[in-house]
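First residue of the sequence shown: -14, per the working numbering; consecutive thereafter. Note that CB positions come from ideal geometry on N, CA and C, so glycine has one too. Values in this document were obtained by computation on a predicted structure and should not be read as measured data. To start, the structure itself, in structure tokens.
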Amino acid sequence: MTDMGHIVIKNLRKEYIDRRHKRRSKDEPNECIGDCVLVLDNINLEFCEGEMVTILGPSGCGKSTLLRIIAGFDKPTAGSVVINGETLTGPSSDHIFVFQHNALLPWMTVQENVALGLRGMEDKEMMKEQIQEHIELVELEGFENHYPYQLSGGMQRRAELARALAVNPDTLFMDEPFTGLDFLAHMKMREEVVNMHEYFEKTILVVTHDIDDALIMGDRIVVLSGRPAHVKLSEKLDFPRPRSFVKNTELSKLRDEVYLMLGVNYAV
Ligand SMILES: Nc1ncnc2c1ncn2[C@@H]1O[C@H](COP(=O)(O)OP(=O)(O)OP(=O)(O)O)[C@@H](O)[C@H]1O
Ligand SMILES: [Mg+2]
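This is the structure:
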């Protein structure tokens, strides 16, 4: 059985220490005193292969920190991350691709940017087909020969998505992928991410502060508490797609619960 994109997070703890005033308790070396900031506190999670997981939590609670640790860019203070059965010891670029804004090379066309992800492919005909497939998936056909500056912000973001997918990682990480987009571009891009997830069946971790995005997109929702973050909820979302809060009262009820969990008394 292949096990690609399977992630287990065990007893993860992260504290940042101000190096200028590093102080630790002699009796309890794991206790953080003085100028330590405890960010993640005993996080245990498991993500299945092909699952789209949305991670919600208040600002500053440690979402980006958690993503950086799972990507291997930052080390936990305690605990471990096991990816595809192997304990993570450093950046795992073989398995993970981090979706970033402004990742397009400005001197390359959309086609050339997407082709970057497919470097090394020997069959040039197949490469051309795959580039086109990715461009069509994000609905950018007709813009193959455009440069990034000739695209709108939303189109650039979708071209970045096509480029990320072309890399064909087991897992894709997206930290606030819709930031800075207007409402319609946000909706469009969200739809693209859901479509491409259905199409490629990759494990995708999406950090967001938007409760609606988390519930509309996720196969699983994770809600973190304020700092130090611990897991308040990790729940499978078995709602049919396309999802609608108006048509699905269970989903709408869950939205109210998540709002309350995040300290907002929300009622529609
Ligand atoms: N390199 C660092 N050194 C010290 N403290 C850090 C570092 N990186 C993050 N922090 C602290 O860790 C906490 C969590 O930061 P993080 O960026 O993970 O939060 P976040 O949940 O992604 O927030 P936001 O929703 O605003 O993006 C913050 O209090 C931040 O100040
Ligand atoms: Mg963040």
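Assumed close pair residue i, residue j - CB separation to whole angstroms, cut-off 8 Å
i: T193; j: I81; result: Their Cβ separation, rounded to whole angstroms, is 18 Å, which puts T193 and I81 out of contact at 8 Å.
i: V38; j: F32; result: 5 Å
i: P225; j: V191; result: In fact, because the Cβ distance is near 20 Å, the residues do not count as touching under 8 Å.
i: V99; j: A151; result: 5 Å
i: F84; j: A149; result: 5 Å
i: V123; j: A144; result: 7 Å
i: E34; j: T164; result: The Cβ separation is near 28 Å, so there is no contact.
i: H182; j: N69; result: Not really, about 19 Å apart at Cβ, beyond 8 Å.
i: Q141; j: L89; result: 6 Å
i: M112; j: L103; result: 5 Å
i: L51; j: F158; result: Not confirmed; about 10 Å, so no contact.
For residue i: DSSP bridge partner residues
i: Y1; result: V22
i: R205; result: V38, K221
i: S77; result: For S77, which the question treats as bridged, DSSP gives no partner whatsoever.
i: L30; result: I(-6)
i: R214; result: Sequence check: residue 214 is Ala here, not Arg. A214 pairs with L25.
i: T193; result: L41
Close Cβ partners of residue i (< 6 Å) along its chain, the five nearest in sequence each way excluded
i: P205; result: The sequence as given places Arg at residue 205; Pro does not occur at that position. Answer for R205: E36, V38, K221, listed in chain order.
i: F185; result: none
i: K60; result: none
i: T267; result: Here the chain comprises residues numbered -14 to 253, so residue 267 is not present and cannot be evaluated.
i: P91; result: P133
i: L(-3); result: L25, I28, P61, G64
Check: residue i C-beta below 7 Å from any heavy atom of ligand 2
i: K48; result: yes
i: D198; result: no
i: D59; result: no
i: V192; result: yes
i: D160; result: yes
Ligand 1 heavy atom lying under 7 Å from the CB of residue i
i: V264; result: Any question about residue 264 goes unanswered here, given that the chain covers just -14 to 253.
i: G64; result: no
i: R212; result: yes
i: V216; result: no
i: V24; result: yes
i: G45; result: yes
i: G165; result: no
i: G42; result: yes
i: Y1; result: yes
Sequence-distant residues of its chain with Cβ nearer than 8 Å to residue i (five each side left out)
i: Q96; result: I116, I120, E129, N130
i: K(-5); result: N29, G64, S65, V66, V67
i: G47; result: K(-1), V24, L25, L209, R212, P213, A214
i: M(-14); result: At M(-14), the pLDDT of 43 sits below 50, so the modelled position is not reliable; the number obtained from the coordinates is stated separately. Hits under 8 Å: none found.
i: I196; result: L41, R240, V243, Y244, L247
7 Å Cβ shell around residue i - same chain, five flanking residues per side excluded
i: E0; result: C17, C21, V22, L23, V24, T62
i: P76; result: A56, G57, F58
i: G139; result: L166, A170, K173, M174
i: T94; result: E129, N130, H131, Y132
i: M(-11); result: E34, N69, D155
i: G45; result: R212
List in chain order: all unbroken alpha helix (DSSP H) runs of 4+ residues lying wholly within the stretch 111 to 191.
Taking only runs of at least 4 residues, the alpha helix (DSSP H) segments lying wholly in the stretch 111 to 191 are 138 to 151, 168 to 185.
So within the stretch 44 to 89, which uninterrupted alpha helix (DSSP H) runs reach at least 4 residues, ignoring any that extend past its ends?
Within the stretch 44 to 89, the complete alpha helix (DSSP H) runs of at least 4 residues are 48 to 55.
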